[in-house]
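In our numbering, the protein residues as written are -6 to 274.
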């Protein structure tokens, strides 16, 4: 939907007498009694090779000051994951460049591998090392920063640029000062960008840093939308929030081009408690 001030929203609750909408952007200029128009379209984001080397927000808009992104391709943010017959078994390795991982717990192209740990235990450093190691590996990398400090993301982008890794990397950033809907959407936006390459026979690595903050943002939205809370005040469908996202990572069959999308989701634990609600998923 589109509000009178040009801000867009996304319908979440459809009831007989009212609609629950999350607002994608600033809401200071929205007033009671404003006209809200239905666009007749589902949420889409720009995709394509023009985004490589750029830093964008959760709506696919550039935030790196390098000008607009000229692409006429878009993909829906929410799509159904590939089915059983559309996949093939994971057979090609993805090298992280870290001997202990590549030798003991190797990751395959099209796999989902959780990276879990407390804050400041080196999760992001592991991701950056893995991204740097994809140079000359025929991989496209999408780094989705969810709720990370803007200064931290800036430093990571500078590191990637100095090492030449931005030549094959897209950074999607939803900062801590942005509205909760942007943090909720960012991983799905990154997945949509990755699917464009995957369905064209290319290999993609997507890093979600981190999904704990997405779950927190979704909890905030759900409580505002008056959805019934469950354990730790998370809504009942919080597991589906992550399962439908991670199932989009796959190794496609040869009939569909043989592309792949490998997901490295991060989860932050509190005091090493891996039995908390979100980490158990």
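A virtual CB, placed ideally from N, CA and C, is assigned to each residue, including glycine.
{"Query": "What's the gap between the Cα of residue 43 and the Cα of residue 62?", "Result": "6 Å"}
{"Query": "Does residue 149 come out as helix, strand or coil in the three-state DSSP assignment?", "Result": "helix"}
{"Query": "Can you tell me which of the three DSSP states residue 1 falls into?", "Result": "strand"}
{"Query": "When you compare only the Cα positions, how much space is there between residue 249 and residue -3?", "Result": "42 Å"}
{"Query": "Quick one: is the Cβ of residue 230 within less than 7 Å of any heavy atom of the ligand ADP?", "Result": "This structure lacks the ligand ADP, and indeed carries no ligand of any kind."}
{"Query": "So, at 6 Å on beta carbons, what are the nonlocal neighbours of residue 241 in its own chain, with the 5 sequence-adjacent residues on each side left out?", "Result": "74, 184"}
{"Query": "One question on the structure: do residue 46 and residue 262 come within less than 8 Å of each other, judged by their Cβ atoms?", "Result": "no"}
{"Query": "Out of 141, 71, 215, 30, state which residue places its alpha-carbon closest to the alpha-carbon of residue -6.", "Result": "30"}
{"Query": "Are residue 188 and residue 105 close, meaning C-beta to C-beta below 8 Å?", "Result": "no"}
{"Query": "Quick one: using the 10 Å Cβ neighbour count with 16 as the cut-off for buried, is residue 51 buried or exposed?", "Result": "buried"}
{"Query": "From residue 23 to residue 56, what does the alpha carbon distance come to, in whole angstroms?", "Result": "24 Å"}
{"Query": "Note down the Cα distance separating residue 80 from residue 243, rounded to an integer number of angstroms.", "Result": "7 Å"}
{"Query": "Please report the Cβ distance between residue 38 and residue 175, rounded to the nearest whole angstrom; I am assuming they are in contact, meaning their Cβ atoms lie under 8 Å.", "Result": "Residue 38 to residue 175, Cβ: 12 Å. No contact."}
{"Query": "Output the boundary residues of the beta strand (DSSP E) element that contains residue 227.", "Result": "Where residue 227 is concerned, there is no enclosing beta strand (DSSP E), given that its DSSP letter is neither H nor E."}
{"Query": "Distance, Cα to Cα, residue 266 vs residue 141?", "Result": "21 Å"}
{"Query": "Please work out which residues of its chain come closer than 7 Å, Cβ to Cβ, to residue 83, disregarding the five sequence neighbours upstream and downstream, and give them in chain order.", "Result": "101, 102, 103, 104, 244"}
{"Query": "Any idea what DSSP makes of residue 136, helix, strand or coil?", "Result": "strand"}
{"Query": "Hey, which unbroken runs of the beta strand (DSSP E) at 3 residues or more fall wholly within the segment 161 to 215?", "Result": "162 to 167, 196 to 202"}
{"Query": "To the nearest angstrom, report how far apart residue 210 and residue 257 are at their CA atoms.", "Result": "20 Å"}
{"Query": "Kindly give me the distance between the Cβ atoms of residue 124 and residue 162, rounded to whole angstroms, as I take these residues to be in contact under 8 Å.", "Result": "6 Å"}
{"Query": "If you compare alpha carbons, which of 221, 226, 251, 236 is closest to residue 6?", "Result": "221"}
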